[in-house]
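For reference, the structure is listed below as structure tokens.
In the working numbering, the protein residues as written are 5 to 448.
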């Protein structure tokens with residue numbers, strides 16, 4: 005697909021300029037870092053593959069599906085680059101707005117040991133029972149089984165262990181159950197994000213605790229190995245479920261030998277194609293949602309058993325889907341950029357990335373400028389590991405993959421803001437030599 009070559013050249017040049025300009029400000033947990041990874045993985049790498057001969061989405065089923073055409077992919081790449089520029093402009097504006105705060109003392113809320121231990125004491129046993137019941141197939145009522153809250157109980161233990169690690173550090177008595185939990189999750193054959201997000205959280209915590217911006221060689225190698233095997237995890241997990249250990253071994257080995265040959269559902273990773281097709285589908289439907297797509301997140305906490313017809317997070321995909329492109333049935337990903345286009349048309353490519361880039365970067369700077377054991381810094385570390393999911397799946401993921409999937413964090417959040425529970429302390433300015441020391445924590 006040679007027509008994409010100019011777009012790829014421009015895209016790579018743009019990435020080089022952005023990395024050069026922002027390199028000094030970036031860190032592992034910075035929202036721009038996550039955005040650059042998302043953009044390269046979803047758009048740049050896919051564009052490269054298409055130029056190299058990879059088939060566009062639906063090209064192998066022309067009789068029943070409408071192939072994503074080159075002109076759609078070209079437009080998608082162009083506007084993905086515009087969104088990248090606007091996101092980074094928003095981040096730079098946030099940096100300039102925060103500059104004055106580096107010279108002022110700041111009031112922050114310290115983490116409360118009592119709150120954390122009380123919430124964990126209640127939520128960890130419930131989460132362990134829920135995790136066991138889900139894994140073992142214990143029969144529960146249909147209403148309970150269909151509830152998203154029941155389905156996310158299995159994530160409560162890692163949320164509890166995560167906050168304990170953040171509070172006390174990497175202790176052996178915390179690492180042992182974490183290792184068992186992640187091993188079970190990694191072999192379950194679905195919901196691979198349950199494995200990746202905790203690993204990102206612990207990495208971000210480790211680096212912040214060590215006052216380092218980037219992982220060392222060991223963590224980089226481990227991350228690369230995980231990336232190589234990640235697309236195969238669902239198939240490895242299915243082989244484990246049926247006890248086919250020889251198949252597990254074959255899949256793992258094949259991941260390193262023929263990484264593209266291991267995915268029988270290769271279209272699932274073609275985010276550029278899915279997003280490109282969605283833009284055309286939105287045009288054909290002829291409707292702007294004017295932000296209503298985002299409103300569905302407000303009703304997300306309400307159990308569907310109590311409100312059967314509550315707005316869904318993918319209602320806009322149901323609207324535009326056709327028999328030739330059944331995005332709603334296939335669970336396609338249109339990215340937060342496609343979501344912005346559904347809401348505001350071409351203006352969405354400018355407005356939404358700028359606002360998201362500004363907001364997340366402003367929060368990042370404010371949260372990570374102070375000591376480690378501050379509630380806002382912990383909360384940001386929880387949320388920052390979901391940023392790639394947000395960019396990939398849409399803005400609702402900022403709530404879905406943090407608050408809804410890890411309710412103990414919400415309980416800790418609420419308790420910290422109850423009157424008299426965790427009193428604010430005054431931290432030195434960000435440029436002060438003691439700005440990162442938890443010198444107030446003993447009084448919290």
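All C-beta atoms, glycine included, are put in the ideal place defined by N, C-alpha and C. Here the structure is a predicted model, which means the values were calculated and not measured.
Legend entry - Reduced DSSP category for residue 79 - H, G, I as helix; E, B as strand; rest coil: helix
Inset, instruction - Please determine if the segment 215–227 and the segment 390–403 are in contact, where contact requires at least 3 C-beta pairs separated by less than 8 Å. - result: no
Inset, instruction - Please check the pair residue 386 and residue 406, which I expect to be a contact at CB under 8 Å, by giving their CB distance rounded to whole angstroms. - result: 6 Å
Legend entry - Residues bridged to residue 114 [DSSP beta-bridge criterion]: Paired residue(s): 378.
Inset, instruction - Look at residue 415 and residue 113 and say whether their C-beta atoms are less than 8 Å apart. - result: No, these two residues do not count as a Cβ contact at 8 Å.
Inset, instruction - Drop a sphere of 10 angstroms on the beta-carbon of residue 493, count the other beta-carbons inside from all chains shown, and report buried for 16 or more, exposed for fewer. - result: For residue 493 there is no data in the structure shown, the boundaries of the chain being 5 and 448.
Inset, instruction - Check the C-beta distance from residue 124 over to residue 168 and give it rounded, since I have them as a contact under 8 Å. - result: Taking C-beta atoms under 8 Å as the contact rule, residue 124 and residue 168 qualify, at a distance of about 6 Å.
Inset, instruction - Within its chain, find whatever has a CB closer than 6 Å to the CB of residue 111; leave out the 5 residues flanking it on each side and keep chain order. - result: 428, 430
Legend entry - Contact test: residue 359 Cβ vs the ligand ADP heavy atom, cutoff 7 Å: Of ligands this structure carries none, so the ligand ADP is not represented either.
Inset, instruction - Note down the Cα distance separating residue 237 from residue 252, rounded to an integer number of angstroms. - result: 9 Å
Legend entry - Beta-bridge pairing of residue 429 - partner residues as DSSP gives them: 112
Inset, instruction - State buried or exposed for residue 375, treating a residue as buried only when at least 16 other CB atoms are found within 10 Å of its CB. - result: buried
Inset, instruction - Could you tell me the distance, in whole angstroms, from the CA atom of residue 260 to the CA atom of residue 254? - result: Looking at the two C-alpha atoms, the distance is approximately 10 Å.
Inset, instruction - With DSSP collapsed to three states, give me the class of residue 314. - result: coil
Legend entry - Neighbourhood of residue 289 by C-beta, 7 Å cutoff - its chain only, sequence neighbours within 5 removed: 323, 324.
Legend entry - Simplified DSSP state of residue 15, which is helix, strand or coil: helix
Inset, instruction - Using beta-carbon positions only, say whether residue 352 and residue 345 come within less than 8 Å of one another. - result: Between residue 352 and residue 345, the C-beta gap is smaller than 8 Å, which places the two residues in contact.
Legend entry - Own chain residues within Cβ distance below 7 Å of residue 209, not counting five before or after: 169, 170, 385
Inset, instruction - Just the C-alpha distance for residue 164 and residue 182, rounded to the nearest angstrom, thanks. - result: Roughly 10 Å between the two C-alpha positions.
Legend entry - Neighbour-count burial assignment, residue 85, 16 or more Cβ in a 10 Å radius: buried
Inset, instruction - For residue 121, count neighbouring C-beta atoms within 10 Å of its own C-beta (all shown protein chains included) and say buried if the count is 16 or more, exposed if not. - result: exposed
Inset, instruction - Please list, in chain order, all residues of the same chain as residue 279 whose beta carbon is under 7 Å from its beta carbon, the five residues on each side excluded. - result: 80, 338, 339, 341, 342
Legend entry - Closest residue to residue 34 among 212, 247, 311, 286 (Cα-Cα distance): 212
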